[in-house]
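*Asks:* Residue numbers for the sequence shown follow numbering that gives the first Met the number 0, so the first one is 0 and each next one is one higher.
Idealized CB from N, CA, C, for every residue including glycine.
Here's a structure for you.
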Amino acid sequence: MYSYTPSGVCSRRIDVELDGDTVKSVAFTGGCDGNLKAISKLVAGQKVDDVVALLSGNTCGRRSTSCADQMCRALREAQEA
0 MYSYTPSGVC SRRIDVELDG DTVKSVAFTG GCDGNLKAIS KLVAGQKVDD
50 VVALLSGNTC GRRSTSCADQ MCRALREAQE A
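Structure representation (structure tokens):
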């Protein structure tokens, strides 16, 4: 399990678990509960590269990032850890 502290978003922590290059699980602490639970379900079982290609750079309102974008950063850091 890798814990990431996001910045610029409502969520306070993102916990990711990988199985090689596949997302095993993602859990958000804080943020938009229903939406983040849905994102977590949708990315489980997907390749990290595919998730990052789809969601990296996604913004939230006027913010330059989003919880999904921060999750992509967490996934990349977890790969490198």
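#1: Specify the secondary structure class of Arg72 as computed by DSSP and reduced to three states.
#2: Which term fits Asp32, buried or exposed, when burial requires 16 or more other beta carbons within 10 angstroms of its beta carbon?
#3: Does the beta-carbon of Ala73 have 16 or more other beta-carbons within 10 angstroms, so that it is buried, or is it exposed?
#4: From what residue to what residue does the alpha helix (DSSP H) around Lys46 run?
#5: Sorted by chain position, which residues of the same chain lie with C-beta nearer than 8 Å to Glu82's C-beta, five sequence neighbours on each side aside?
*Replies:* This is what the structure gives:
#1: helix
#2: exposed
#3: buried
#4: Segment: none, Lys46 is in no alpha helix (DSSP H) and carries neither H nor E.
#5: A question about residue 82 goes unanswered here, because the residues of the chain that appear run from 0 up to 80.
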